[in-house]
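Read through the structure below, which is laid out as structure tokens, and then see the notes.
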Amino acid sequence: MSLTHERVRGDVADVLSEPPAEISDDENLLDRGLDSIRVMSLVERWRAAGVHTTFIELAEHPTVAAWWQLISDRMEENR
90 MSLTHERVRG
100 DVADVLSEPP
110 AEISDDENLL
120 DRGLDSIRVM
130 SLVERWRAAG
140 VHTTFIELAE
150 HPTVAAWWQL
160 ISDRMEENR
């Protein structure tokens, strides 16, 4: 199963308990209240979907745009 930009945004919104439309691509998600436990839950969700990321990779650039770029690059590498 592959991830989509919408799914990444939706997963972030889900762990933040907010509507996906309220999460912008370039917003710092740590400032939005995303903590380490929630970041790890995203790592696990996306690993279950077949995309391997790490906490450090996500924490370095905590935006939907950066995460989508990382995830889409990984999916491309695995083709």
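In my numbering, the protein residues as written are 90 to 168. For each residue, glycine too, the CB sits at the ideal point set by N, CA and C. Because the structure is a prediction, the values reported are computed rather than measured.
Through-space distance from L105 to G122, alpha-carbon basis: Taking the sequence shown and counting its residues from 1, one reaches residue 122 at position 33. Taking the sequence shown and counting its residues from 1, one reaches residue 105 at position 16. Answer to the nearest angstrom: the Cα atoms are 7 angstroms apart.
Proximal residues to L118 (C-beta, below 6 angstroms), its chain only, five neighbours per side dropped: As a first step, residue 118 must be located in the sequence shown, where it is residue number 29. Leaving aside the five residues that flank L118 on each side, the residues in its chain whose CB is nearer than 6 angstroms to its CB run, in chain order, P151.
Per-residue DSSP class, three states only, for D100: Within the sequence shown, numbered from 1, the residue matching residue 100 stands at position 11. Helix at D100.
Start-end ranges of the alpha helix (DSSP H) lying completely within the region 110 to 160, minimum 4 residues: You should have 125 to 137 and 144 to 149.
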